[in-house]
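As you go down the protein sequences, you meet chains F and X in turn. All residue numbers for the first sequence refer to the working numbering, where the first residue is 1 and numbers rise by one. All residue numbers for the second sequence refer to the working numbering, where the first residue is 115 and numbers rise by one. The beta-carbon is built from N, C-alpha and C at its ideal position, and this holds for glycine as well. Keep in mind that this is a model prediction, so the values were computed, not measured. Down below is the structure, laid out as structure tokens.
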Amino acid sequence: DQQVKQNSPSLSVQEGRISILNCDYTNSMFDYFLWYKKYPAEGPTFLISISSIKDKNEDGRFTVFLNKSAKHLSLHIVPSQPGDSAVYFCAASASRGGSEKLVFGKGMKLTVNP
Amino acid sequence: DAEITQSPRHKITETGRQVTLACHQTWNHNNMFWYRQDLGHGLRLIHYSYGVQDTNKGEVSDGYSVSRSNTEDLPLTLESAASSQTSVYFCASSPGLAGGYEQFFGPGTRLTVL
Numbered sequence: 001d002q003q004v005k006q007n008s009p010s011l012s013v014q015e016g017r018i019s020i021l022n023c024d025y026t027n028s029m030f031d032y033f034l035w036y037k038k039y040p041a042e043g044p045t046f047l048i049s050i051s052s053i054k055d056k057n058e059d060g061r062f063t064v065f066l067n068k069s070a071k072h073l074s075l076h077i078v079p080s081q082p083g084d085s086a087v088y089f090c091a092a093s094a095s096r097g098g099s100e101k102l103v104f105g106k107g108m109k110l111t112v113n114p
Numbered sequence: 115d116a117e118i119t120q121s122p123r124h125k126i127t128e129t130g131r132q133v134t135l136a137c138h139q140t141w142n143h144n145n146m147f148w149y150r151q152d153l154g155h156g157l158r159l160i161h162y163s164y165g166v167q168d169t170n171k172g173e174v175s176d177g178y179s180v181s182r183s184n185t186e187d188l189p190l191t192l193e194s195a196a197s198s199q200t201s202v203y204f205c206a207s208s209p210g211l212a213g214g215y216e217q218f219f220g221p222g223t224r225l226t227v228l
């Protein structure tokens, strides 16, 4: 049973436009969410996170929105750049339950076209 | 600079052989994790450790073992390699509850089992 879902395997956008990556989760115990970015032949790198006590967190061009009632989060990249082309993973943790593990989605490949 | 390294970066082995993948981190993190990445599955947790002498099974632990004799290292052993274990393996570490949930990943080991 997949607890973190990234239902769209890929997204293609034009440079300068907004990229919106979506993630849904099923476990109501999840209270901390992260986005990772992965280039080919490299390990994932941490991008941005959000705690369940917030509904938005912003870091430069990257903003993560959390809708707890819908069990949905999204990553917005504005403006998108060709260097943003990568696979993006959504991850979640049930920190209140003492877990320090992360559960990852399957990833979504973002392509930003010049 | 602190870092997390994996060795070897590429490994080809035969079915039935024992294989050990190394992971070494210099951040002095309490937590260490092993994942495998496969097409269509994202990142799946194999084993994890919250400190020296502590090890725990993840969602895909069958056929794998780990041991944690010091803070810096968490080697992953495939007792008898199988073709189904052909994958890319990532090691990660995190500070722990007080330091945050973000995990820092190594560059990965690509393992092929023939």
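> Does the beta carbon of Phe62 of chain F come closer than 8 Å to any beta carbon on chain X?
Replying inline: Chain X contact via Cβ: absent.
> Is the beta carbon of Gln139 of chain X sitting closer than 8 Å to the one on Glu186 of chain X?
Replying inline: Less than 8 Å separates the beta-carbon of Gln139 of chain X from that of Glu186 of chain X.
> Taking C-beta to C-beta, are Val133 of chain X and Leu228 of chain X nearer than 8 Å?
Replying inline: Taking C-beta atoms as the reference points, Val133 of chain X and Leu228 of chain X fail to come closer than 8 Å.
> What is the rounded straight-line gap between the Cα of Ser19 of chain F and the Cα of Lys37 of chain F?
Replying inline: Between the C-alpha atoms of Ser19 of chain F and Lys37 of chain F there is a straight-line separation of about 14 Å.
> When Cβ atoms are compared, which residues of the stretch 153-166 of chain X fall closer than 8 Å to chain F?
Replying inline: Under the 8 Å Cβ criterion, the stretch 153-166 of chain X contributes Gly154, His155, Gly156, Leu157, Arg158, Leu159, Tyr162 and Tyr164.
> What is the DSSP secondary structure of Ser80 of chain F, reduced to helix, strand or coil?
Replying inline: Note: Ser80 of chain F maps to coil in three-state DSSP.
> Which residue comes first and which comes last in the beta strand (DSSP E) that contains Gly165 of chain X?
Replying inline: Run containing Gly165 of chain X: Gly156 to Gly165, per the beta strand (DSSP E) assignment.
> Taking Cβ positions, are Thr223 of chain X and Leu135 of chain X nearer each other than 8 Å?
Replying inline: With contacts defined as CB atoms closer than 8 Å, Thr223 of chain X and Leu135 of chain X qualify as a contacting pair.
> Lys106 of chain F versus chain X: which residues are under 8 Å apart at the beta carbon?
Replying inline: Those within 8 Å of Lys106 of chain F in chain X are Gly154, His155 and Gly156.
>> Please give the ranges of any beta strand (DSSP E) in the stretch 21-63 of chain F, keeping only runs that are unbroken, at least 3 residues long and fully inside the region.
In response: Fully enclosed beta strand (DSSP E) runs of 3 or longer: 32-38, 45-51 and 56-59.
> If you measure from the beta carbon of Tyr32 of chain F to each beta carbon in chain X, is any gap under 8 Å?
Replying inline: Chain X, which has a Cβ nearer than 8 Å to the Cβ of Tyr32 of chain F, makes this yes.
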